[in-house]
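Under numbering that gives the first Met the number 0, the first residue of the sequence shown carries the number 0, and numbering increases by one thereafter. What follows is a short report on a single structure.
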Amino acid sequence: MRKILLPLLLAGILSPAFALADHHEDRKKMHEMTDSEKEAFFEDKIQKMESDIQALKEMTLEEKEDWFKNKKRHMKKKHKHMKKACDKLDSGKIREFDYDKAKERMINSQKFQKASKEKQEKMLNRLEEFNNLSHDEKQKRMEKKKEKLQKYCNNK
């Protein structure tokens, strides 16, 4: 398994987060799982990765090229987004949380519109939960996000 995954990771074809689609939700579930449930959870993730790798192997050369172009385009967009975020952090232009604007931005986003109704509901609920937090708790979370972003910006 490692012989297959390591070269893909190093080549940038697989990202480390590839195995964890809903990383945030998975992390929440992990605290409630027993050891045997965790073992089954990781086995399931490994099976999914292996099936994805098998699907990649079975693609034609043209399909692989398209997949790689899309992956590269996605990484470029992510890098551009993070660069903008770093610039905002450096200039101190990180905006305060405004629930109505955040909800409007979320609803108008492509990610939201492409998601299933179930996923959309989950996204809106998370936003609502954040909005219902106390001001101090919101500030704490925002500071934590700023620290993570600062760490990313310093390492780029």
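Where a beta carbon is used, it is the ideal one built from N, C-alpha and C, also for glycine. This structure is a prediction, so every number in the text was calculated from the model and none was measured.
Taking 7 Å as the cut-off, the Cβ atoms of lysine 87 and isoleucine 93 count as close. The straight-line gap separating the alpha-carbon atoms of serine 108 and methionine 32 is approximately 33 Å. Rounded to whole angstroms, the gap between the alpha carbons of lysine 68 and lysine 82 is 21 Å. If you look at arginine 94, you'll find it isn't in any alpha helix (DSSP H); DSSP assigns it neither H nor E.
Between the alpha carbons of histidine 134 and methionine 74 lies a gap of roughly 34 Å.
Under the three-state reduction of DSSP output, asparagine 131 falls in the coil class, being neither helix nor strand.
Taking a C-beta distance under 7 Å as the contact criterion, alanine 84 and leucine 148 qualify as a contact pair.
Between methionine 105 and phenylalanine 96, the C-beta spacing is not below 7 Å.
Rounded to the nearest angstrom, the gap between the Cα atoms of leucine 126 and tyrosine 98 is 8 Å. Going by C-alpha positions, phenylalanine 40 is about 42 Å away from serine 90. Ranked by how close their Cα comes to the Cα of lysine 102, the residues Asp65, Lys77, Glu128, His80 have Glu128 in first place.
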